[in-house]
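The structure appears below as structure tokens.
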Amino acid sequence: MQSLTYTAMMIGLSWSLISCVKESKTPPAQKSASVDLKPEIKTPPVIVKEKIKTKGPNAREICTRPDSIPKSPETIADILVLINAMPKPLSVPCLIDTLDNPFYVNATDNQFSGQPAYGYENPRIFLFLGSKLIVSVVPSGPGGKVVEFGYKTSETQTIKGELEFPVTEDLGMDAPYTYILNREKDGTVCGTCHFPESRAPDGFPDTAYTSLLVKPLNGYDVQLETLQNLNKECESSAGDHCPVIQSLFVRGNVQLKSFD
């Protein structure tokens, strides 16, 4: 009897296992989702250049150099390309805005010059661009109406040019030279003080002349601290000289440089 009961139990267990196996069917395989192997295209972020403004009652948004001009000018021809690429009218402060920082400068308060300084607030300021180009400006007053250029051909000679500002139209490549031609057109008005004078070497317009590099006279030096103080004063008080002074300092780095 016990043997029959045991046999029946085994048969029941076998059917139970078979039933479990039948019910545990493997679910039908799901079709895998198609995988897009193309690389993800990411849209580059739009970089908005921060607009820089000067401070105080003379506050203005500074000008920027066009993308077509990759670097700061190092020749008079480069200056002309930059000027022609800028919106018009173009002011002196706007031109300075477009130049690369840091600025290496020298300054004088000598009023006996074709581009005279005009009191404490208006020294004549020289900007050294690259190794050969010198640009001089006066913040306001009679000397503030022009920008002068000197391109060194040697340690003692420069090719000189000058432009009246604001510039209202595109200029020819000979414009800085024709502006300073003397009445006879056989030299420049600069030759009176910067003699001797001779024609510029090949590569320059026929109206370009080279003459003696005259360095600022000793005893008229304007210190960097004076320029810094002028800039600070312009943050709280208005003045015709302020736009040019602030254009030098708005990006921070200005260093004094002596004439070599």
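First residue of the sequence shown? That's 213 in my numbering, and the numbers climb one at a time after it. Where is the CB? At the ideal position from N, CA and C, for every residue including glycine. Small disclaimer: the values here were computed from a predicted structure and weren't measured.
Who are the near neighbours of D452 in its chain, counting only those whose CB is closer than 6 angstroms to its CB and skipping five residues on each side? Here residue 452 is taken as the residue at index 240 of the sequence shown, counted from 1. If we look at D452 and ignore the five residues flanking it on each side, its Cβ neighbours are S352.
Contact defined as beta carbons within less than 8 angstroms: I believe L425 pairs with T368. What is the distance between those atoms, to the nearest angstrom? Reading the sequence shown from its first residue, position 213 is the one you call residue 425. Reading the sequence shown from its first residue, position 156 is the one you call residue 368. About 6 angstroms; that satisfies the 8 angstroms criterion.
As a quick exercise: from E381, V347, K357 and V379, pick the residue whose alpha carbon is nearest that of K372. For the purposes of this step, residue 372 is taken as residue 160 along the sequence shown, with counting starting at 1. The option with the nearest alpha carbon to K372 is V347.
Counterpart residues of E360 in DSSP-defined beta bridges: Counting from 1 along the sequence shown, the entry for residue 360 is found at position 148. E360 is bridged to S348 and E374.
Touching by the beta-carbon criterion (3+ pairs, under 8 angstroms), the stretch 259–278 and the stretch 450–469: The answer is yes - the stretch 450–469 touches the stretch 259–278, with three or more Cβ pairs under 8 angstroms.
P299: buried (16+ other C-beta within 10 angstroms of its C-beta) or exposed? As a working note, residue 299 is residue 87 in the sequence shown. In this structure P299 is exposed. Its beta-carbon is surrounded by fewer than 16 other beta-carbon atoms within 10 angstroms.
Out of curiosity, what's the CA-to-CA distance linking S303 and H406? Counting from 1 along the sequence shown, the entry for residue 303 is found at position 91. Counting from 1 along the sequence shown, the entry for residue 406 is found at position 194. If I take the Cα positions, the gap works out to 28 angstroms.
Alpha carbon to alpha carbon, how far is Q327 from G384? Give it in angstroms, no decimals. The residue given as residue 384 occupies position 172 in the sequence shown. The residue given as residue 327 occupies position 115 in the sequence shown. Q327 has its alpha-carbon roughly 23 angstroms from the corresponding atom of G384.
For my contact list, Y316 and K469 are in at a C-beta cut-off of 8 angstroms; report their separation, rounded to the angstrom. Numbered from 1 along the sequence shown, position 104 holds the residue referred to as residue 316. Numbered from 1 along the sequence shown, position 257 holds the residue referred to as residue 469. Confirmed, about 4 angstroms.
Compute the beta-carbon to beta-carbon distance between A387 and L292, rounded to the nearest angstrom, for a pair I have assumed lies under 8 angstroms. Working through the sequence shown from its first residue, we reach residue 387 at position 175. Working through the sequence shown from its first residue, we reach residue 292 at position 80. Between A387 and L292, the beta carbon gap of about 7 angstroms places them in contact (Cβ cut-off 8 angstroms).
For N318, list the residues DSSP reports as bridge partners. Numbered from 1 along the sequence shown, position 106 holds the residue referred to as residue 318. Paired residues: F338.
From F461 to D382, what does the alpha carbon distance come to, in whole angstroms? As a working note, residue 461 is residue 249 in the sequence shown. As a working note, residue 382 is residue 170 in the sequence shown. Taking the straight line joining both Cα atoms gives about 28 angstroms.
Only counting the same chain, and skipping five residues up and downstream in sequence, which positions put a Cβ closer than 6 angstroms to that of A319? The sequence position of residue 319 within the sequence shown is 107, counting from 1. Taken in chain order, the residues that qualify are P335, I337 and V434.
Among D321, K427, G399 and G356, which has the Cα closest to the Cα of D418? The residue labelled residue 418 in the question sits at position 206 within the sequence shown. That would be G399, whose Cα lies nearest to the Cα of D418.
Please report how far the alpha carbon of D309 lies from the alpha carbon of P278, in whole angstroms. Residue mapping note: residue 309 aligns to position 97 of the sequence shown, counting from 1. Residue mapping note: residue 278 aligns to position 66 of the sequence shown, counting from 1. One C-alpha to the other measures close to 12 angstroms.
Take R411 and list the residues in its own chain whose beta-carbon comes closer than 8 angstroms to its own, dropping the five residues that flank it on each side. Position 199 of the sequence shown, counted from the first residue, corresponds to residue 411. If we look at R411 and ignore the five residues flanking it on each side, its Cβ neighbours are D418, A420, Y421 and T422.
Identity of the residue in D321, Q458 and L439 nearest N430 by Cα: The count along the sequence shown starts at 1 and reaches residue 430 at position 218. When each option's Cα is compared against that of N430, the closest is D321.
Whole-angstrom distance between V379 and R395, CA atom to CA atom: On the sequence shown, residue 395 is found 183 positions in, with the first residue counted as 1. On the sequence shown, residue 379 is found 167 positions in, with the first residue counted as 1. Looking at the backbone, the Cα of R395 and that of V379 are separated by about 23 angstroms.
State the DSSP-derived secondary structure class of D248, mapped to helix, strand or coil. Counting from 1 along the sequence shown, the entry for residue 248 is found at position 36. Low confidence applies to D248: its pLDDT is 49, below 50, so where it sits in the model is not reliable, and the reading given next is rough at best. Reduced to three states, the DSSP call for D248 is coil.
Between F471 and C402, what straight-line distance do the alpha-carbon atoms span, to the nearest angstrom? Counting from one through the sequence shown, the residue named residue 471 turns up at place 259. Counting from one through the sequence shown, the residue named residue 402 turns up at place 190. Taking the straight line from one Cα to the other gives about 19 angstroms.
Mind checking N313: buried by the 16 CB within 10 Å criterion, or exposed? Mapped onto the sequence shown, residue 313 falls at position 101. So N313 ends up on the exposed side.
Note down, in chain order, each residue of its chain lying with its Cβ closer than 6 angstroms to the Cβ of P305, except the 5 sequence neighbours on either side. The residue labelled residue 305 in the question sits at position 93 within the sequence shown. For P305, where only same-chain residues beyond five positions count, the Cβ hits under 6 angstroms are P455, V456 and S459.
Can you look up Q440 in the DSSP assignment and give me helix, strand or coil? Within the sequence shown, residue 440 is the residue found at index 228, counting from 1. Per DSSP, reduced to three states, the secondary structure at Q440 is helical.
Endpoints, the beta strand (DSSP E) within which Q467 is located: Here residue 467 refers to the residue found at position 255 of the sequence shown. For Q467, the enclosing beta strand (DSSP E) begins and ends at V466 to L468.
Would you identify the three-state DSSP class for T422, choosing helix, strand or coil? Within the sequence shown, numbered from 1, the residue matching residue 422 stands at position 210. T422 sits in a strand when the DSSP states are folded into three classes.
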